[in-house]
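Following: one structure in C-alpha coordinates, then a few remarks.
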Amino acid sequence: HQNEALFDRQNTIASGKKINKPSDDPLGMGRVLDYSQTIASIEQYQTNIQGGKTRLEVVDANLDLVDELLEVVSAIAETEGRGTTESRLRAAENIKNLYDQILDQANAKLSDNYLFSGYQTKTAPFSRDDSLATTFDQFTVTYNGDGGDMQFIVADNTQVTMDADGRPIFHDAAPGGVSIFDAMRDLIVGLENDDTAAISIQSGLLDQGHTQIQNIRSAHAPILYQLKTAENHWE
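This is the structure we're talking about:
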(Lines of atoms letter the chains of each structure in order from A and count residues from 1; the text may use other names and numbers.)
(Lines give C-alpha, C1' and ligand atoms only; values in the text may rest on other atoms or scores of the structure.)
Protein backbone atom coordinates (compact mmCIF):
# COMPACT_ATOMS: atom_id res chain seq x y z
CA HIS A 1 0.00 0.00 0.00
CA GLN A 2 2.87 2.34 0.79
CA ASN A 3 4.40 1.67 -2.61
CA GLU A 4 1.04 2.24 -4.29
CA ALA A 5 0.50 5.50 -2.41
CA LEU A 6 4.03 6.63 -3.29
CA PHE A 7 3.41 5.77 -6.94
CA ASP A 8 0.16 7.77 -6.90
CA ARG A 9 1.91 10.79 -5.37
CA GLN A 10 4.72 10.57 -7.92
CA ASN A 11 2.20 10.26 -10.72
CA THR A 12 0.30 13.32 -9.45
CA ILE A 13 3.52 15.37 -9.28
CA ALA A 14 4.67 14.21 -12.73
CA SER A 15 1.34 14.87 -14.45
CA GLY A 16 0.50 18.04 -12.53
CA LYS A 17 -3.02 16.62 -12.14
CA LYS A 18 -4.78 15.51 -8.98
CA ILE A 19 -6.96 13.06 -10.92
CA ASN A 20 -5.21 10.77 -13.37
CA LYS A 21 -7.68 7.87 -13.50
CA PRO A 22 -11.35 7.45 -12.50
CA SER A 23 -10.51 5.56 -9.32
CA ASP A 24 -8.53 8.55 -7.97
CA ASP A 25 -11.80 10.49 -7.52
CA PRO A 26 -14.90 9.19 -9.34
CA LEU A 27 -16.97 12.32 -8.69
CA GLY A 28 -14.07 14.59 -9.54
CA MET A 29 -13.40 12.66 -12.74
CA GLY A 30 -17.00 13.29 -13.79
CA ARG A 31 -16.49 17.02 -13.33
CA VAL A 32 -13.22 16.89 -15.26
CA LEU A 33 -14.95 15.20 -18.19
CA ASP A 34 -17.76 17.79 -18.09
CA TYR A 35 -15.21 20.62 -18.07
CA SER A 36 -13.25 19.03 -20.92
CA GLN A 37 -16.42 18.71 -22.99
CA THR A 38 -17.35 22.33 -22.25
CA ILE A 39 -13.89 23.57 -23.25
CA ALA A 40 -14.03 21.53 -26.47
CA SER A 41 -17.44 23.06 -27.27
CA ILE A 42 -16.16 26.59 -26.61
CA GLU A 43 -13.15 25.99 -28.84
CA GLN A 44 -15.46 24.76 -31.62
CA TYR A 45 -17.69 27.84 -31.22
CA GLN A 46 -14.61 30.06 -31.44
CA THR A 47 -13.51 28.28 -34.62
CA ASN A 48 -16.99 28.75 -36.09
CA ILE A 49 -17.01 32.44 -35.12
CA GLN A 50 -13.64 33.01 -36.77
CA GLY A 51 -14.89 31.22 -39.88
CA GLY A 52 -17.92 33.52 -40.00
CA LYS A 53 -15.79 36.65 -39.51
CA THR A 54 -13.39 35.56 -42.25
CA ARG A 55 -16.26 34.94 -44.66
CA LEU A 56 -17.75 38.38 -43.94
CA GLU A 57 -14.38 40.08 -44.47
CA VAL A 58 -13.76 38.28 -47.78
CA VAL A 59 -17.29 38.96 -49.07
CA ASP A 60 -17.08 42.62 -48.08
CA ALA A 61 -13.71 43.07 -49.82
CA ASN A 62 -15.16 41.31 -52.87
CA LEU A 63 -18.23 43.56 -53.00
CA ASP A 64 -16.08 46.65 -52.47
CA LEU A 65 -14.16 45.77 -55.64
CA VAL A 66 -17.41 45.05 -57.52
CA ASP A 67 -18.68 48.47 -56.45
CA GLU A 68 -15.50 50.17 -57.74
CA LEU A 69 -15.82 48.37 -61.08
CA LEU A 70 -19.49 49.38 -61.31
CA GLU A 71 -18.55 53.00 -60.76
CA VAL A 72 -16.20 52.77 -63.76
CA VAL A 73 -18.97 51.22 -65.87
CA SER A 74 -21.41 53.94 -64.78
CA ALA A 75 -18.90 56.69 -65.62
CA ILE A 76 -18.40 55.24 -69.10
CA ALA A 77 -22.17 55.01 -69.64
CA GLU A 78 -22.64 58.64 -68.59
CA THR A 79 -19.83 59.85 -70.84
CA GLU A 80 -21.01 57.85 -73.85
CA GLY A 81 -24.47 59.37 -73.62
CA ARG A 82 -22.70 62.31 -75.30
CA GLY A 83 -20.25 60.20 -77.32
CA THR A 84 -19.80 59.28 -80.96
CA THR A 85 -20.40 56.05 -82.82
CA GLU A 86 -16.68 55.27 -82.77
CA SER A 87 -16.23 56.09 -79.07
CA ARG A 88 -19.23 53.94 -78.17
CA LEU A 89 -17.81 50.93 -79.98
CA ARG A 90 -14.55 51.34 -78.03
CA ALA A 91 -16.52 51.77 -74.81
CA ALA A 92 -18.47 48.57 -75.53
CA GLU A 93 -15.20 46.63 -75.64
CA ASN A 94 -14.05 48.23 -72.38
CA ILE A 95 -17.29 47.29 -70.66
CA LYS A 96 -17.01 43.71 -71.92
CA ASN A 97 -13.71 43.52 -70.04
CA LEU A 98 -15.25 45.10 -66.93
CA TYR A 99 -18.17 42.69 -67.20
CA ASP A 100 -15.77 39.73 -67.06
CA GLN A 101 -13.92 41.25 -64.10
CA ILE A 102 -17.22 41.51 -62.20
CA LEU A 103 -18.10 37.97 -63.33
CA ASP A 104 -14.78 36.81 -61.83
CA GLN A 105 -15.70 38.46 -58.53
CA ALA A 106 -19.16 36.85 -58.60
CA ASN A 107 -17.32 33.53 -58.96
CA ALA A 108 -14.90 34.24 -56.11
CA LYS A 109 -13.83 31.46 -53.72
CA LEU A 110 -12.91 31.10 -50.06
CA SER A 111 -10.89 27.98 -49.13
CA ASP A 112 -11.67 26.46 -52.53
CA ASN A 113 -15.44 26.95 -52.05
CA TYR A 114 -17.44 29.39 -54.17
CA LEU A 115 -18.91 32.21 -52.09
CA PHE A 116 -22.13 32.82 -54.02
CA SER A 117 -23.36 29.35 -55.14
CA GLY A 118 -25.62 28.56 -52.18
CA TYR A 119 -25.04 24.94 -51.16
CA GLN A 120 -23.38 24.19 -54.52
CA THR A 121 -20.02 25.37 -53.20
CA LYS A 122 -17.97 23.38 -55.74
CA THR A 123 -19.88 24.81 -58.73
CA ALA A 124 -19.09 28.24 -60.19
CA PRO A 125 -22.31 30.22 -59.61
CA PHE A 126 -22.32 32.30 -62.80
CA SER A 127 -21.42 31.48 -66.39
CA ARG A 128 -21.84 32.92 -69.88
CA ASP A 129 -21.31 31.40 -73.32
CA ASP A 130 -18.90 33.19 -75.65
CA SER A 131 -19.76 30.85 -78.52
CA LEU A 132 -23.33 32.13 -79.01
CA ALA A 133 -24.19 34.22 -82.05
CA THR A 134 -25.14 37.63 -80.64
CA THR A 135 -23.64 39.95 -78.05
CA PHE A 136 -26.92 39.78 -76.11
CA ASP A 137 -26.71 35.99 -75.83
CA GLN A 138 -22.97 35.93 -75.16
CA PHE A 139 -23.36 38.28 -72.19
CA THR A 140 -26.50 36.70 -70.71
CA VAL A 141 -25.48 35.02 -67.47
CA THR A 142 -26.78 31.69 -66.13
CA TYR A 143 -26.92 30.98 -62.40
CA ASN A 144 -25.71 27.47 -61.57
CA GLY A 145 -26.08 27.50 -57.79
CA ASP A 146 -29.11 27.27 -55.50
CA GLY A 147 -30.77 29.26 -52.71
CA GLY A 148 -28.70 27.80 -49.86
CA ASP A 149 -27.06 29.83 -47.10
CA MET A 150 -24.12 29.47 -44.72
CA GLN A 151 -24.72 28.76 -41.04
CA PHE A 152 -22.23 29.11 -38.20
CA ILE A 153 -23.16 27.65 -34.79
CA VAL A 154 -21.78 30.13 -32.22
CA ALA A 155 -23.47 28.91 -29.00
CA ASP A 156 -25.93 26.30 -27.75
CA ASN A 157 -29.01 26.56 -29.99
CA THR A 158 -27.63 29.75 -31.57
CA GLN A 159 -26.46 30.08 -35.16
CA VAL A 160 -25.55 32.95 -37.43
CA THR A 161 -26.89 32.73 -40.98
CA MET A 162 -25.25 34.39 -43.99
CA ASP A 163 -26.65 34.55 -47.52
CA ALA A 164 -24.71 32.48 -50.05
CA ASP A 165 -27.10 32.88 -53.00
CA GLY A 166 -25.48 35.29 -55.45
CA ARG A 167 -28.65 36.18 -57.33
CA PRO A 168 -29.89 39.00 -55.06
CA ILE A 169 -26.46 40.62 -55.41
CA PHE A 170 -25.69 40.24 -59.10
CA HIS A 171 -28.58 38.73 -61.02
CA ASP A 172 -32.32 38.11 -60.95
CA ALA A 173 -32.61 40.40 -57.95
CA ALA A 174 -35.62 40.70 -55.64
CA PRO A 175 -38.44 43.16 -56.49
CA GLY A 176 -37.03 46.67 -56.43
CA GLY A 177 -33.53 45.40 -57.16
CA VAL A 178 -31.58 45.29 -60.39
CA SER A 179 -29.70 42.61 -62.30
CA ILE A 180 -26.20 44.05 -62.61
CA PHE A 181 -25.27 41.56 -65.32
CA ASP A 182 -28.38 42.34 -67.38
CA ALA A 183 -27.79 46.09 -67.06
CA MET A 184 -24.18 45.73 -68.26
CA ARG A 185 -25.25 43.42 -71.09
CA ASP A 186 -27.91 45.85 -72.28
CA LEU A 187 -25.45 48.73 -72.00
CA ILE A 188 -22.96 46.86 -74.21
CA VAL A 189 -25.68 46.19 -76.78
CA GLY A 190 -26.84 49.83 -76.61
CA LEU A 191 -23.30 51.08 -77.19
CA GLU A 192 -22.78 48.72 -80.13
CA ASN A 193 -26.11 49.82 -81.67
CA ASP A 194 -25.48 53.52 -81.04
CA ASP A 195 -28.73 53.57 -79.01
CA THR A 196 -28.61 56.65 -76.76
CA ALA A 197 -31.95 55.83 -75.09
CA ALA A 198 -30.75 52.36 -74.05
CA ILE A 199 -27.45 53.83 -72.81
CA SER A 200 -29.35 56.32 -70.65
CA ILE A 201 -31.68 53.67 -69.18
CA GLN A 202 -28.83 51.33 -68.26
CA SER A 203 -26.88 54.19 -66.72
CA GLY A 204 -29.77 54.69 -64.28
CA LEU A 205 -30.01 50.95 -63.55
CA LEU A 206 -26.29 50.77 -62.83
CA ASP A 207 -26.73 53.52 -60.23
CA GLN A 208 -29.39 51.32 -58.62
CA GLY A 209 -26.92 48.44 -58.74
CA HIS A 210 -24.44 50.55 -56.79
CA THR A 211 -27.08 51.18 -54.11
CA GLN A 212 -27.93 47.48 -54.06
CA ILE A 213 -24.33 46.54 -53.32
CA GLN A 214 -24.12 49.18 -50.58
CA ASN A 215 -27.31 47.90 -48.94
CA ILE A 216 -26.02 44.33 -48.92
CA ARG A 217 -22.74 45.44 -47.37
CA SER A 218 -24.63 47.43 -44.73
CA ALA A 219 -26.67 44.34 -43.85
CA HIS A 220 -23.45 42.61 -42.82
CA ALA A 221 -22.87 45.01 -39.91
CA PRO A 222 -25.37 43.42 -37.47
CA ILE A 223 -24.10 39.94 -38.39
CA LEU A 224 -20.53 41.00 -37.55
CA TYR A 225 -21.78 42.50 -34.27
CA GLN A 226 -23.46 39.20 -33.36
CA LEU A 227 -20.25 37.29 -34.10
CA LYS A 228 -18.11 39.67 -32.05
CA THR A 229 -20.57 39.53 -29.13
CA ALA A 230 -20.40 35.73 -29.13
CA GLU A 231 -16.61 35.85 -29.42
CA ASN A 232 -16.31 38.17 -26.40
CA HIS A 233 -18.66 35.95 -24.39
CA TRP A 234 -16.59 32.81 -24.96
CA GLU A 235 -13.30 34.59 -24.35
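Residue numbers for the sequence shown follow my numbering, beginning at -14 and rising by one.
By construction, the Cβ of each residue, glycine as well, lies at the ideal position given by its N, Cα and C atoms.
For this session: Would you please state the rounded distance, in angstroms, between the beta carbons of Pro110 and Phe101? I believe it to be under 8 Å.
Result: Looking up residue 110 in the sequence shown gives position 125. Looking up residue 101 in the sequence shown gives position 116. Between Phe101 and Pro110 the Cβ distance is about 5 Å, and since that is below 8 Å, they are a contact.
Exercise. What distance in whole Å lies between the Cβ atoms of Val174 and Ala183, which are believed to be in contact at a cut-off of 8 Å?
Worked result: Within the sequence shown, the letter at position 198 stands for residue 183. Within the sequence shown, the letter at position 189 stands for residue 174. Yes, they are in contact, since the Cβ atoms of Ala183 and Val174 sit about 7 Å apart, within 8 Å.
Problem set entry | Unbroken stretches of the beta strand (DSSP E), 3 residues or longer, contained in the stretch 51 to 107 | none
Problem set entry | Candidates Ile208, Val44, Asp115, His195: closest to Thr143 by CA position | Here residue 143 corresponds to residue number 158 of the sequence shown, with the count starting at 1. It is Ile208 whose Cα lies nearest to the Cα of Thr143.
For this session: Whole angstroms is fine: what's the gap from Gly36's alpha carbon to Val145's?
Result: Counting from 1 along the sequence shown, the entry for residue 36 is found at position 51. Counting from 1 along the sequence shown, the entry for residue 145 is found at position 160. Gly36 and Val145: Cα-Cα distance of roughly 11 Å.
Problem set entry | Assigned secondary structure, Phe155 (DSSP; H/G/I helix, E/B strand, else coil) | Against the sequence shown, residue 155 aligns to sequence position 170. It is helical.
Exercise. So, are the CB atoms of Ala25 and Ala140 less than 9 Å apart?
Worked result: Along the sequence shown, read from residue 1 onward, the residue named residue 25 stands at position 40. Along the sequence shown, read from residue 1 onward, the residue named residue 140 stands at position 155. No, the Cβ-Cβ distance between Ala25 and Ala140 is not below 9 Å.
For this session: Tell whether a beta-carbon distance below 9 Å holds between Ile154 and Ala91.
Result: Position 169 of the sequence shown, counted from the start, is the residue given in the question as residue 154. Position 106 of the sequence shown, counted from the start, is the residue given in the question as residue 91. Going by C-beta atoms, Ile154 is nearer than 9 Å to Ala91.
Problem set entry | Selected residue, minimal CA-CA separation from His195, among Gln29, Ala149, Asp49 | For the purposes of this step, residue 195 is taken as the residue at position 210 of the sequence shown. Taking only the C-alpha atoms, the option nearest His195 is Asp49.
Exercise. CA-CA distance, Arg75 and Ala46?
Worked result: Translated into positions along the sequence shown, residue 75 becomes position 90. Translated into positions along the sequence shown, residue 46 becomes position 61. Computed Cα separation, rounded: 29 Å.
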